[in-house]
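If you use the numbering used here, the sequence shown corresponds to residues 43 to 263, in order. We put the beta carbon where it would ideally sit given N, CA and C, even for glycine.
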Amino acid sequence: MKIKVREIHLSWRKGIGSRRRIVGKLIRTSTNGITFRYLEKGCKEAKEEGFSEYPGFPINYKALYQEDDLDIFSLRLISFERKDNLKLLKFWEAEGVTDKFDLLALTQGKLPIDNFEFLGLFNPAKGFKFVTDIAGLSHLQLERGVVNIGDKLTYEFESSENAYFKRAVKVFKNDLHIGYIKNIHNNIFLNLAPNTLLLTVKDIEQNGIIKNIFVLVNCVK
Numbered sequence: 043m044k045i046k047v048r049e050i051h052l053s054w055r056k057g058i059g060s061r062r063r064i065v066g067k068l069i070r071t072s073t074n075g076i077t078f079r080y081l082e083k084g085c086k087e088a089k090e091e092g093f094s095e096y097p098g099f100p101i102n103y104k105a106l107y108q109e110d111d112l113d114i115f116s117l118r119l120i121s122f123e124r125k126d127n128l129k130l131l132k133f134w135e136a137e138g139v140t141d142k143f144d145l146l147a148l149t150q151g152k153l154p155i156d157n158f159e160f161l162g163l164f165n166p167a168k169g170f171k172f173v174t175d176i177a178g179l180s181h182l183q184l185e186r187g188v189v190n191i192g193d194k195l196t197y198e199f200e201s202s203e204n205a206y207f208k209r210a211v212k213v214f215k216n217d218l219h220i221g222y223i224k225n226i227h228n229n230i231f232l233n234l235a236p237n238t239l240l241l242t243v244k245d246i247e248q249n250g251i252i253k254n255i256f257v258l259v260n261c262v263k
């Protein structure tokens, strides 16, 4: 299914187990093309944890970086020159996607050299799929083997008066709480009717404990 992402949020965190801070936003419109700006609240929170800036983009809360300035973000895309690129694109449900903005949102632009992620704010229709990874695993310390590839997962919205957690989406395998849908991607769940999205474990990184769970999210209604 074709997608057209209009917003990508730039996330940064100090390290594994730290809270993701939304420090910037890329927006695509028909009139202005693609623009990027920093978000003051998220940047100030992140600065307290060691954040300085995205390389090449000095922080200026009034600045609106234009499309010609944004080629640096495309360096985070999967290289089509890599022999394993088709495997990687398939993993991220990005086969056949040629639009760089959409591709950045689907693959999250992750690199092993920093703690940035590019999180697309999708507006999924029936048949749309994307991959996300579960948040909160470092705190839960799940034992190896309690979750397996192919497992069907469920989710529910957490009831809380806490401003941060009231938008939290908890994920379960049967009755076992295994983590949360991470920031920005949680908005996709909150904006859809219950049971609209089907969750399936796509991949797991683990040693003695589970380090990462990648989940295929499929819009079924």
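So residue i and residue j are supposed to be a Cβ contact under 8 Å. How far apart are they, rounded?
{"i": "Asn192", "j": "Val262", "result": "Per the sequence shown, the amino acid found at residue 192 is Gly instead of Asn. At roughly 17 Å, the Cβ-Cβ gap does not stay under 8 Å, so Gly192 and Val262 are not in contact."}
{"i": "Asn229", "j": "Leu163", "result": "6 Å"}
{"i": "Ile155", "j": "Leu112", "result": "Not really, about 19 Å apart at Cβ, beyond 8 Å."}
{"i": "Ile255", "j": "Val189", "result": "6 Å"}
{"i": "Leu232", "j": "Arg209", "result": "6 Å"}
{"i": "Ile101", "j": "Cys85", "result": "6 Å"}
{"i": "Tyr197", "j": "Ile223", "result": "7 Å"}
Going by the DSSP bridge assignment, what does residue i pair with across the sheet?
{"i": "Leu68", "result": "Ile50 and Phe78"}
{"i": "Ala177", "result": "Tyr222"}
{"i": "Asp156", "result": "Answer is none; Asp156 lacks a bridge partner."}
{"i": "Gly162", "result": "Ile50"}
{"i": "Phe143", "result": "DSSP lists no partner for Phe143."}
{"i": "Leu195", "result": "Leu241"}
Just to confirm before moving on: does the CB-CB distance between residue i and residue j stay below 8 Å?
{"i": "Val47", "j": "Val173", "result": "no"}
{"i": "Ile114", "j": "Gly98", "result": "yes"}
{"i": "Lys215", "j": "Leu240", "result": "no"}
{"i": "Lys142", "j": "Ser116", "result": "yes"}
{"i": "Glu159", "j": "Gln150", "result": "yes"}
{"i": "Leu184", "j": "Ile252", "result": "yes"}
{"i": "Ile176", "j": "Val213", "result": "yes"}
{"i": "Trp54", "j": "Asn157", "result": "yes"}
Just mark residue i as buried or exposed, buried being the case when its beta carbon has 16 or more other beta carbons within 10 Å.
{"i": "Ala37", "result": "Residue 37 lies beyond the residue range present for the chain, which begins at 43 and ends at 263; the question has no answer from this structure."}
{"i": "Tyr96", "result": "buried"}
{"i": "Glu90", "result": "exposed"}
{"i": "Ile58", "result": "exposed"}
{"i": "Lys171", "result": "buried"}
{"i": "Pro236", "result": "exposed"}
{"i": "Leu218", "result": "exposed"}
Using a Cβ distance threshold of 8 Å, determine whether the stretch 81 to 94 contacts the stretch 64 to 73, with at least three qualifying pairs required.
Taking 8 Å as the limit for Cβ pairs, the verdict is that the stretch 64 to 73 does touch the stretch 81 to 94.
May I ask you to verify whether the stretch 146 to 163 touches the stretch 101 to 111, counting CB pairs closer than 8 Å and requiring at least 3?
no
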